[in-house]
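In the numbering used here, the protein residues as written are 1 to 444.
Single-structure report; data block below.
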């Protein structure tokens, strides 16, 4: 029987790509590691993602989700000092002590103390109440991830005649999956005037299978009693912003579409209830504010990585953040702190940038000479320059990189030499300059 200790150098919550990468790195640094997973197997959401496309950046191979999870998990068996528990819930984090409360078949309900804690809790899907979708409440309305679990894990097809609301990547992938399983996908509707998922998924999952993509279109009403019988679709005017940010409904454009299933692929929200129990308040994006070592700004010794910080395009990027968090969490547990070489630097999102990670740079001595930034743009721009500028000194550009095109659906990852930030004052701003012009540094 596994004996659970009262204290570990590093405790990790969540065993998706970020959590698995963090565990292997922390153990490789010599830390004792406890990895906690609420499901019955390691790997998180990867286990139900049977499509290919994982591991390209990590292994140079195009793997399925389960294959990628297996490769990440196999690293753990080659290292000493790692204990992994499945079917185990974390009930809370003490706000004033380095203690978590866990509950599971091996642990029972008990407290475990830690030197460092890594939150790799991922994200959850937005549901019907989140988007205030009107109509009756029949069976047959599911999120895309739930439908994916039914089809790929349980072998159950939730419907035969399907409408998908939202063009997020999981919804696009499920449109193809339903078609391959013999169901008919009537259409994919997107409230915005452009797809929400990666363009390659639009091409491979919709265009290749002749599935219509209806842009600037949403569901006005759900019909049916015991089971959904159809939906009313309506066009949206994107130039006249209305409720939900998508635009004003256009009268006279309503049409009824018969279906027995409505799949919602309307966005993801970082999962951060545990962070709240520790006294860490999520940002307006739902994610957590971190520095370049992935340590939470509001509480030293607690780190976060992957989709609980911001929703990554691909699992490989979440795993990269896990590697950074694991290394720095082990150092913090060993030394009691992470030491910086100079005063910290505030990072701001400027013109046409919706968010930037990390939110602060503390110039840790554990750095390798580079700082990795991740960000998304608000609008698509062609022939542009991404600039990192000193917030305090006008027209002082510290770093720049040219792009042929940038889109909101594609996350930008930029590696900046630490020396480029050495002479900055107290704050810097990322901004997107098009045709050599910009409207100022941005707002703090």
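Backbone N, C-alpha and C fix where the C-beta goes; we use that ideal spot for every residue, glycine too.
Keep in mind that this is a model prediction, so the values were computed, not measured.
Range covered by the alpha helix (DSSP H) that runs through residue i
| i | result |
| --- | --- |
| residue 131 | 128-131 |
| residue 17 | 17-28 |
| residue 58 | 56-59 |
| residue 274 | 273-277 |
| residue 174 | 169-180 |
| residue 39 | It is not in any alpha helix (DSSP H) - residue 39 carries neither H nor E in the DSSP assignment. |
| residue 146 | 144-152 |
Residue j beta carbon less than 8 Å from that of residue i
| i | j | result |
| --- | --- | --- |
| residue 311 | residue 270 | yes |
| residue 202 | residue 186 | no |
| residue 81 | residue 33 | yes |
| residue 66 | residue 318 | no |
| residue 413 | residue 374 | yes |
| residue 309 | residue 357 | yes |
| residue 99 | residue 110 | no |
| residue 341 | residue 372 | no |
| residue 268 | residue 125 | yes |
| residue 69 | residue 47 | yes |
| residue 104 | residue 88 | yes |
Simplified DSSP state of residue i, which is helix, strand or coil
| i | result |
| --- | --- |
| residue 363 | coil |
| residue 297 | coil |
| residue 207 | helix |
| residue 375 | strand |
| residue 136 | coil |
| residue 331 | helix |
| residue 248 | strand |
| residue 308 | helix |
| residue 88 | coil |
| residue 198 | coil |
| residue 161 | strand |
| residue 422 | coil |
| residue 52 | strand |
| residue 46 | helix |
| residue 223 | strand |
| residue 323 | helix |
| residue 291 | strand |
| residue 283 | coil |
| residue 338 | coil |
| residue 481 | The requested residue 481 is not part of the displayed model; the chain covers only 1 to 444. |
| residue 4 | coil |
Residue environment, residue i, which counts as buried when at least 16 other CB atoms sit within 10 Å
| i | result |
| --- | --- |
| residue 368 | exposed |
| residue 85 | buried |
| residue 273 | exposed |
| residue 252 | exposed |
| residue 422 | exposed |
| residue 400 | exposed |
| residue 425 | exposed |
| residue 220 | buried |
| residue 216 | buried |
| residue 256 | exposed |
| residue 3 | exposed |
| residue 158 | buried |
| residue 444 | Note that residue 444 scores 36 on pLDDT, short of 50, meaning its location in the model is unreliable; the coordinates nonetheless yield the value given after this. Answer is exposed; the Cβ neighbour count stays below 16. |
| residue 183 | buried |
| residue 225 | exposed |
| residue 40 | exposed |
| residue 352 | buried |
| residue 9 | buried |
| residue 209 | exposed |
Delimiting residues of the beta strand (DSSP E) encompassing residue i
| i | result |
| --- | --- |
| residue 9 | 7-13 |
| residue 456 | Lying before the first or after the last residue shown, residue 456 is absent from the chain, which here runs from 1 to 444. |
| residue 103 | 99-104 |
| residue 66 | Where residue 66 is concerned, there is no enclosing beta strand (DSSP E), although the alpha helix (DSSP H) it sits in stretches over 65-76. |
| residue 348 | 345-349 |
| residue 188 | 184-190 |
Cross-strand partners of residue i (DSSP beta bridge)
| i | result |
| --- | --- |
| residue 385 | 402 and 433 |
| residue 217 | 235 |
| residue 315 | None; residue 315 has no bridge partner. |
| residue 414 | 373 |
| residue 258 | 230 |
| residue 124 | 269 |
| residue 393 | DSSP lists no partner for residue 393. |
| residue 83 | 34 |
| residue 427 | 346 |
| residue 110 | 102 |
| residue 119 | 13 and 304 |
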